[in-house]
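Heads up, the thing below is written out as C-alpha cells.
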Amino acid sequence: MIPSPFEYVKVRSVDEALSALAEHGEDAKFLAGGHSLLPIMKLRLSVPSTLVDISGITDLSYVRVEGDQVAIGALTRHHELERSDVARAEVSILPHVAGRVGDPQVRHRGTIGGTVAHSDPASDLPTALLALDGTVVVQGPGGRREIPVTEFWLGFFETALAPDELVIEVRVPRTGADGWGYEKFTRRENDWPIVAAAAVQGRVALANMAGAVVRATATEEALARGASIAEAAALADQGTSPGSDMHGDAEYRRHLARLLTRRALERAAA
Amino acid sequence: MQVSITVNGQQRTDEVEPRLLLAHYLRETCGLTATNIGCDTTSCGACTVVVDGLSVKSCTVLAASTDGGEVTTLEGLAGPDGELHPMQAAFRAEHGLQCGFCTPGMVMAAIGVLADNPDPSDREVREGLEGNLCRCTGYHNIVRAVQAAAKAGPAAGQVPQAQEVEA
C-alpha cells in the first residue's frame, strides 16, 4: 500500500514548522514518528497535501522536572520515555505505559506528541495522561497556550488543537513511583487495547470506551464519597459509549471497563 | 526529492518520491530484497531493519525521513568474506527458522533485543520479539537462537559499523 502523493518539507525548529504549516495550508500535516499517520495514509483514510516532517527538531526531545511537574518534549519517543530515569522516579506510570505501546519497533519511532495529537481513543499514553490530569502545551502563530487534558481530546481523531498549532510539550504532576495502576486488555501483546484503564490518585481514565479517551467520572465520584474499590469500579462504564467490533461488542467492553478499573485501582492501592 | 542514505555502510544518493516507503526504497531502489514486506500494516515485523541503531518496521517509515541516516539490512550483517554475523550464525546453529519469510526481520529485531539487553531471559526475548510474527509458529528455536547469540558476545547485539563494512 502506498500513500497518495504529497509534498514533503523537513523542518529543524518549531518556528520553521509553524511557517511551513502556514505556507502549505490546512491540508498539510505534521509528521513525527509516523506510526499513526503513515498507516492511515497508506489506507488513504488521510490524504494530506503536504507532510511537514518535524522529527528533526532535536530540542523537543526531553524529560525533565520543572517545579512540581514533569515536562516531556513532544518528540520524545516512547522508547526514550520508557527508559527515562527522571520519568521512572517522578511519574513511573508513564514509562510503564510507554513500554506497553505497540512493540519495540513501534516504540523506537512513535512520539508522545504524535499520540497526543492523533487522538485515537485506544491510545495507551493519552489514557495515562488523562488519569494524571496533565496539560498539553501547544504553540501557534499567536504564541503558546496550555490545554488541560480534560479539554484536549474531543472525539475520534479530533482534539482542541487549532489547525495552525503544534503540540510542543506534555506536562504532568510529579506523582512519584507508586500509587498507580494500568490495565490493558489485548488479544495479542502488540495490539491496541480492546479496553484499558489507568488509575492515579483517585482518578480513572479509560481507553476505547468512547470516541476519545474518557474519565470514569462515576467511579471517581464514588471513590471521593468513600466507596470501596469494588463499589466504585462497578460504575466505571457509566456515561461511556463503547462501540462494537470484531474484538468485542459494547457490553463486553463495559464488562472489561469495570473489571480493568477494579484491577487498576487495586494495583494503585497496593 | 533527493535523499542521501548510508545503506549497509555505503552512502548513496537517490532521487525518490516523497511517498516512497523505506521498505520499497530498499527493495526496489537499492535492490536489497532480503527485507520482506509481509503484512504492510506495521504488525508482522518482516520488514524490520536497523535505522540509526534502532530496529524499525520499514513499511511504516518514509525513505525521505531517513535522509542523512544509516540503514542496516540483513545483507549488511555478514563480513566481507561472507562470515556470518553472530546472530545469523546462531539462527543457523539453532535452526531458528522454518519457511524463512520472517527470518530477515526476526534477525534484525533480535539484534535490537540484545542491544537493549545483552543477557535476556527467555521471557525477555519473547517480549522483545513481540513485534515479529512467525506464521510457521517456530518461536521456540528463534528464542533459543537469540539466547545462543547472547552467549556469543556483545557483537551479537550490534550491526557492523560503516567503516568495517567498507574495509
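Those sequence lines, one after another, are chains A and B.
Residue numbering for the first sequence follows this note's numbering, starting at 860 and increasing by one per position.
Residue numbering for the second sequence follows this note's numbering, starting at 41 and increasing by one per position.
Heads up, the beta-carbon is just placed ideally off N, CA and C, and yes, glycines get one too.
Review point. With 7 angstroms set as the bound, which would you pick, yes or no: does the beta-carbon of B/Ser44 sit closer than that to a beta-carbon of chain A?
Key: no
**Study point:** Neighbourhood of A/Ala1091 by C-beta, 6 angstroms cutoff - its chain only, sequence neighbours within 5 removed
**Key:** Thr1078, Ala1081 and Leu1082
Review point. Is there at least one Cβ from chain A nearer than 7 angstroms to B/Pro58's Cβ?
Key: yes
Review point. Alpha helix (DSSP H) containing A/Asp944: first to last residue?
Key: Asp944 to Glu949
Review point. Using the C-alpha atoms, what's the distance from B/Ser161 back to A/Glu1042?
Key: 24 angstroms
**Study point:** Distance, B/Gln201 Cα to A/Val1072 Cα
**Key:** 43 angstroms
**Study point:** Sequence-distant residues of the same chain with beta carbon closer than 7 angstroms to B/Asp107, five excluded per side
**Key:** Val43, Ser44 and Ile45
Practice item. Would you mind stating whether A/Glu939 and A/Pro954 have Cβ atoms separated by less than 7 angstroms? Key: no
Review point. Since A/Gln998 meets chain B, which of its residues come closer than 7 angstroms, beta carbon to beta carbon?
Key: Per Cβ cutoff of 7 angstroms: no residues; A/Gln998 is ~22 angstroms from chain B at best.
Check your understanding: Taking B/Ala196 as the reference, which of B/Gly152, B/Arg175 and B/Arg184 has the closest Cα?
Key -> B/Gly152
Exercise for review: Count the other CB atoms, across all protein chains shown, that sit within 10 Å of the CB of A/Gly1014; report buried if there are 16 or more and exposed otherwise.
Suggested key: exposed
Check your understanding: Who are the neighbours of B/Ala149 on chain A, taking C-beta pairs under 8 angstroms?
Key -> Pro963 and Gln964
Review point. Can the beta-carbon of B/Val147 be found closer than 7 angstroms to that of B/Met127?
Key: yes
Review point. Beta-carbon of B/Gly171 versus every beta-carbon of chain A: anything under 7 angstroms?
Key: yes
Practice item. Use the C-beta contact count for B/Lys191: other C-beta atoms within 10 angstroms, 16 or more gives buried, fewer gives exposed. Key: exposed
**Study point:** Paired residues, beta bridge with A/Phe865 - DSSP
**Key:** BP columns for A/Phe865 are empty, so no partner.
Practice item. Take the Cβ of A/Ala1128 as the centre, count every other Cβ of all protein chains shown within 10 Å, and call the residue buried at 16 or more, exposed below. Key: exposed
Check your understanding: Residues of chain B with a CB under 7 angstroms from the CB of A/His955: which are they?
Key -> Within chain B, no residue comes near A/His955; the closest Cβ sits about 14 angstroms away, beyond 7 angstroms.
Exercise for review: Determine the closest residue to B/Gly116 out of B/Ala74, B/Ala63, B/Glu164 and B/Val183, with distance taken between C-alpha atoms.
Suggested key: B/Ala74
Exercise for review: Measuring alpha carbon to alpha carbon, tell me which of A/Asp874, A/Ile861, A/Val870 and A/Met860 ends up nearest A/Gly1001.
Suggested key: A/Asp874
Check your understanding: For A/Ser914, which residues in chain D fall below 8 angstroms Cβ to Cβ?
Key -> Here the protein chains are A and B, and chain D is not one of them.
Point to revise | DSSP state of A/Ala930 mapped onto helix, strand, coil | key: strand
**Study point:** Cβ neighbour criterion (16 or more within 10 Å) applied to A/Leu904
**Key:** exposed
Practice item. Could you tell me how far apart the beta carbons of A/Thr1120 and A/Val1063 are, in whole angstroms, since I believe they sit closer than 8 angstroms? Key: 6 angstroms
Review point. Would DSSP call B/Gln187 helix, strand or coil?
Key: helix
Practice item. Compare the C-beta of A/Arg968 against all C-beta atoms of chain B and say whether one is closer than 7 angstroms. Key: yes
Check your understanding: Taking the alpha carbon of A/Phe889 as the point to measure from, which residue in A/Asp927, A/Pro1007, A/Arg1030 and A/Ala1021 has its own alpha carbon closest?
Key -> A/Ala1021
Exercise for review: Return no unless some Cβ of chain A is closer than 7 angstroms to the Cβ of B/Leu94.
Suggested key: yes
Review point. Grouping DSSP H, G and I as helix and E and B as strand, with all else coil, what is A/Gly1107?
Key: strand
Review point. Using 7 angstroms as the limit for Cβ to Cβ distance, is A/Pro862 near chain B?
Key: yes
Point to revise | CB contact below 7 angstroms: A/Ala898 versus chain B | key: The identity of residue 898 of chain A in the sequence shown is Pro, whereas the question assumes Ala. Closer than 7 angstroms to some Cβ of chain B, the Cβ of A/Pro898 qualifies, so yes.
Review point. Going along the chain, which residues of its own chain have a beta-carbon closer than 7 angstroms to the beta-carbon of A/Ala946, five neighbours each way excluded?
Key: Val922, Val929, Leu940, Leu953 and Pro954
Check your understanding: With which residues is B/Ala149 paired in a DSSP beta bridge?
Key -> B/Ala149 is not bridged to any residue.
Review point. On the three-state DSSP scale, how would you describe A/Tyr1041?
Key: strand
Review point. By DSSP, does B/Pro194 sit in helix, in strand, or in coil?
Key: helix
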